[in-house]
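**Student:** Please see the structure below; I have some questions.
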Amino acid sequence: MNELDEKDRLLIAALRADARQSLVELARHTGLSRSAVHERIRRLEAKGVIAGYTVKLGIDRDRAGVEALIAVGFQQGRNCDHIVPHLTGIPNVVTCWSLAGPTDLMLLVECTSNAELDTVRRQIATTPGIATVQTHVSLRTHFDRRAD
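Under this note's numbering, the first residue of the sequence shown is numbered -15, with each subsequent residue one higher.
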C-alpha cells in the first residue's frame, strides 16, 4: 500500500468507516469529484487494495453461542498438508492459522452450545495426524478489530 497517496488513504478511511457511502459523500469527504472517486475505487479494487465489502453484524446477533480457540499439535512427521484438508470439512472451524512454536495450528471454532463444541473438539482430536488438542473457550469479546 506504499503507492497510495493522501487522497487514496482518505478514501480508504472513509470506506472503512462506512462502505455504504455514496460516491457524492465520498467525494465530499476526500475533496475529489464524484468521477475521480469512482475511478480511484475501481483502481484500488483492480490492484487488490480493496478486496471486497462486507456486512458487520451487531454484537451477539446471529453469532455462535460459544467461540473457542483450539491449539493443535501434529504427530511426528505430519504437517499442514496432511491435517488442513481434514479440518476444512468441519464447518465449525471458521479460521485456521499456522503458528511458529510448540503449537502447529490455532483454530477459531464457533458452536451453538458447549455440547456442540465438545463434539467438534472430539472430531478434531480424532483427525489422523493430530497428537494434541487444547481448547480455550472465549468468555467475552472485549473488541474485535477484524469486524471494523
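Beta carbons: idealized from backbone N, C-alpha and C, even for Gly.
What residues in its chain sit with their C-beta under 6 Å from that of Phe127, if we drop five residues either side in the sequence?
**Tutor:** Your numbering for residue 127 matches position 143 in the sequence shown. Counting only Cβ-Cβ distances below 6 Å, and skipping sequence neighbours, we find nothing.
**Student:** Using the C-alpha atoms, what's the distance from Arg124 back to Arg45?
**Tutor:** As a working note, residue 45 is residue 61 in the sequence shown. As a working note, residue 124 is residue 140 in the sequence shown. Confidence is the limiting factor: at Arg45 the pLDDT is only 47, short of 50, which leaves the residue's position unreliable, though a coordinate-based value still follows. Those two C-alpha atoms are separated by around 14 Å.
**Student:** Buried or exposed: where does Leu83 fall if 16 or more other Cβ atoms within 10 Å of its Cβ makes it buried?
**Tutor:** For the purposes of this step, residue 83 is taken as residue 99 along the sequence shown, with counting starting at 1. So Leu83 ends up on the exposed side.
**Student:** Within 10 angstroms of the Cβ of Thr14, are there 16 or more other Cβ atoms? Answer buried if so, exposed if not.
**Tutor:** Counting from one through the sequence shown, the residue named residue 14 turns up at place 30. Thr14 comes out buried.
**Student:** Use the C-beta contact count for Glu94: other C-beta atoms within 10 angstroms, 16 or more gives buried, fewer gives exposed.
**Tutor:** One-based indexing of the sequence shown puts residue 94 at position 110. By the 10 Å Cβ count, Glu94 comes out buried.
**Student:** Would you call Val39 buried or exposed, if buried means 16 or more other Cβ atoms sit within 10 Å of its Cβ?
**Tutor:** By one-based count along the sequence shown, residue 39 stands at place 55. Under this definition Val39 is an exposed residue.
**Student:** Determine the DSSP secondary structure at Asn53, reduced to helix, strand or coil.
**Tutor:** Stepping through the sequence shown from its first residue, residue 53 is reached at position 69. Per the sequence shown, the amino acid found at residue 53 is Leu instead of Asn. If DSSP states are grouped into helix, strand and coil, Leu53 belongs with the strands.
**Student:** How many angstroms separate the CA atom of Ala3 from the CA atom of Pro112?
**Tutor:** Position 19 of the sequence shown, counted from the first residue, corresponds to residue 3. Position 128 of the sequence shown, counted from the first residue, corresponds to residue 112. Looking at the two C-alpha atoms, the distance is approximately 43 Å.
**Student:** Could you tell me which of His70, Asp88 and Ala(-2) sits nearest to Gly61, measuring between CA atoms?
**Tutor:** As a working mapping, residue 61 is identified with position 77 in the sequence shown. For Gly61, the nearest C-alpha among the options comes from Asp88.
**Student:** State the Cα-Cα distance for the pair Val8 and Ser17, rounded to the nearest angstrom.
**Tutor:** Walking along the sequence shown from the start, residue 8 turns up at place 24. Walking along the sequence shown from the start, residue 17 turns up at place 33. Taking the straight line from one Cα to the other gives about 8 Å.
**Student:** Going straight from the alpha carbon of Arg27 to that of Gln107, what length do you get?
**Tutor:** As a position in the sequence shown, residue 27 is number 43, starting the count at 1. As a position in the sequence shown, residue 107 is number 123, starting the count at 1. In a straight line, the C-alpha of Arg27 is about 44 Å away from that of Gln107.
**Student:** My output table needs one value for Ser19: the three-state DSSP class, helix, strand or coil.
**Tutor:** The residue given as residue 19 occupies position 35 in the sequence shown. In this structure, Ser19 counts as helix in the three-state DSSP scheme.
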